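Structure first, then comments.
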Amino acid sequence: MNVLEIRNIQKSFGSKKVLDGVSFSVPENCVFGFVGRNGAGKTTTMRAVLGLLKIDGGEIDVCGERVRYGSTLQSGCIGYLPDVPEFYGYMNATEYLKLCGEITGIDSRTLKSRCSELLELVGLDKEKHRIKGYSRGMKQRLGIAQALINRPKLLICDEPTSALDPVGRMDILDIIKAAKEQTSVVFSTHILSDVERVCSMVAFLEGGKAAFSGSIEEVHALKRDTALELTLAKSEDIPSVTAAFPDSTITEGRILFSKASDKDCSELMAFLSARNIAIMRLERHDAD
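Be aware that the sequence shown starts at 38, since it is given in the working numbering, and climbs by one per residue.
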């Protein structure tokens, strides 16, 4: 089952079309990367999913229910971490989580164990200081704990690693990866390496559309360059091959193709077969 379904959503602000038919889906217990440049419409999409923004067209379903602007129907199954979370600075982490749990109606016995569980998850279980003294990274970690307090089916994180140092980024990414045991996570980012570290699925937002949506393995396959090394049985056949394929080079009697797609490989095989050019050795591997 998909916990989130987005179908052809559209949104304009004045004459500027920010979302122009965005579609993708997020399965259960998945870390889903939502990638795009700053200003690409990632936050706009997330606000629409949360029911905080009225879309001009399309449909959004969360946990099988239609999202409608201003409705709180899905609020119980969505957790949200904004890019800059705000807290009551005079509280410590435990006090703040208890307050959030009480607001959502969690009973006191369950709440105590839930707070302990979440603070351990985000690495704040030993922290007793007031939140006003927390670093940016510590606040992001507390924000994730807050968003998970009521066991949501979907956790939405808006640029959770932005403005963090490398160590802080890795901490947040590790927490997000661990959180998928409890929920599905959608996090927006413009940092592709973060997505590759923790995501199993990804969508790329470009020009108001989801230019690509699929598994991280499919992304790797799309961006992978393949190199070919071809050794012919007769060296006198080399000039005709290199003339037909000008991007090739010759090294120590071998013909090298630094970048070759499946189509390029098929064309090469057809060329050799049509001219009865014998192959001694052909190797294909990922390009550098």
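Ideal placement from N, C-alpha and C gives every residue a C-beta, glycine not left out.
Predicted model only: the values in this text are computed from it and were never measured.
On the three-state DSSP scale, how would you describe residue i?
i, result
"Gly-95", "strand"
"Ala-280", "helix"
"Lys-165", "coil"
"Glu-243", "strand"
"Val-72", "strand"
"Met-38", "coil"
"Ile-43", "strand"
"Glu-102", "strand"
"Ile-186", "coil"
"Ser-303", "helix"
"Arg-146", "helix"
"Arg-312", "coil"
"Ser-285", "coil"
"Gly-160", "coil"
"Ala-77", "coil"
"Leu-179", "helix"
"Glu-255", "helix"
Rounded to the nearest angstrom, how far is the Cβ of residue i from that of residue j, given a contact under 8 Å?
i, j, result
"Arg-291", "Thr-268", "5 Å"
"Tyr-127", "Lys-169", "7 Å"
"Leu-242", "Gly-73", "4 Å"
"Gln-47", "Ile-92", "6 Å"
"Val-223", "Phe-69", "5 Å"
"Ser-60", "Asn-45", "5 Å"
"Tyr-171", "Leu-179", "7 Å"
"Ile-209", "Leu-87", "Not a contact, Cβ separation roughly 20 Å."
"Glu-139", "Leu-148", "7 Å"
Nearer than 7 Å: is that true of the beta carbon of residue i relative to any heavy atom of the ligand NAP?
i, result
"Glu-255", "Here there are no bound small molecules, and the ligand NAP is not part of this structure."
Nearest CA to the CA of residue i: which residue from the options?
i, options, result
"Leu-265", "Leu-179, Ser-285 and Pro-189", "Ser-285"
"Leu-201", "Asp-120, Gly-138, Gly-88 and Leu-87", "Asp-120"
"Lys-54", "Glu-320, Lys-296 and Lys-246", "Lys-246"
"Ala-280", "Thr-82, Leu-309 and Gln-111", "Leu-309"
"Ala-182", "Glu-196, Asp-162 and Ser-172", "Asp-162"
"Thr-81", "Val-99, Ser-49, Phe-61 and Lys-271", "Ser-49"
"Cys-152", "Asn-187, Ala-270, Ser-60 and Val-40", "Asn-187"
"Glu-132", "Ser-112, Leu-156, Asn-39 and Gln-111", "Leu-156"
"Leu-191", "Gln-219, Tyr-171, Lys-214 and Asp-211", "Gln-219"
"Asp-253", "Asp-231, Glu-273 and Ile-314", "It should be noted that the sequence gives Ile, not Asp, for residue 253. Nearest C-alpha to Ile-253: Asp-231."
"His-227", "Glu-154, Ala-77 and Val-40", "Ala-77"
"Glu-289", "Ser-272, Val-256 and Asn-39", "Ser-272"
Just how far apart, CA to CA, sit residue i and residue j?
i, j, result
"Lys-165", "Ala-130", "7 Å"
"Thr-331", "Val-239", "The question about residue 331 has no answer, for the chain in this structure spans 38 to 325."
"Pro-283", "Phe-294", "10 Å"
"Thr-198", "Ile-275", "52 Å"
"Lys-300", "Ala-307", "11 Å"
"Tyr-117", "Thr-263", "41 Å"
"Gly-30", "Lys-79", "A question about residue 30 goes unanswered here, because the residues of the chain that appear run from 38 up to 325."
"Leu-185", "Met-317", "60 Å"
"Gly-160", "Lys-176", "11 Å"
"Gly-174", "Arg-206", "8 Å"
"Arg-103", "Ile-97", "6 Å"
"Gln-111", "Glu-196", "22 Å"
"Glu-65", "Pro-189", "11 Å"
"Lys-214", "Arg-312", "54 Å"
"Val-99", "Val-63", "10 Å"
"Met-83", "Phe-71", "10 Å"
"Ala-270", "Cys-67", "50 Å"
3-residue-minimum beta strand (DSSP E) runs that sit fully inside the stretch 114-142, ordered along the chain: 115-118
In chain order, each beta strand (DSSP E) run of at least 3 residues that lies wholly inside the stretch 188-234: Within the stretch 188-234, the complete beta strand (DSSP E) segments at least 3 residues long are 191-195 and 221-226, listed from N- to C-terminus.
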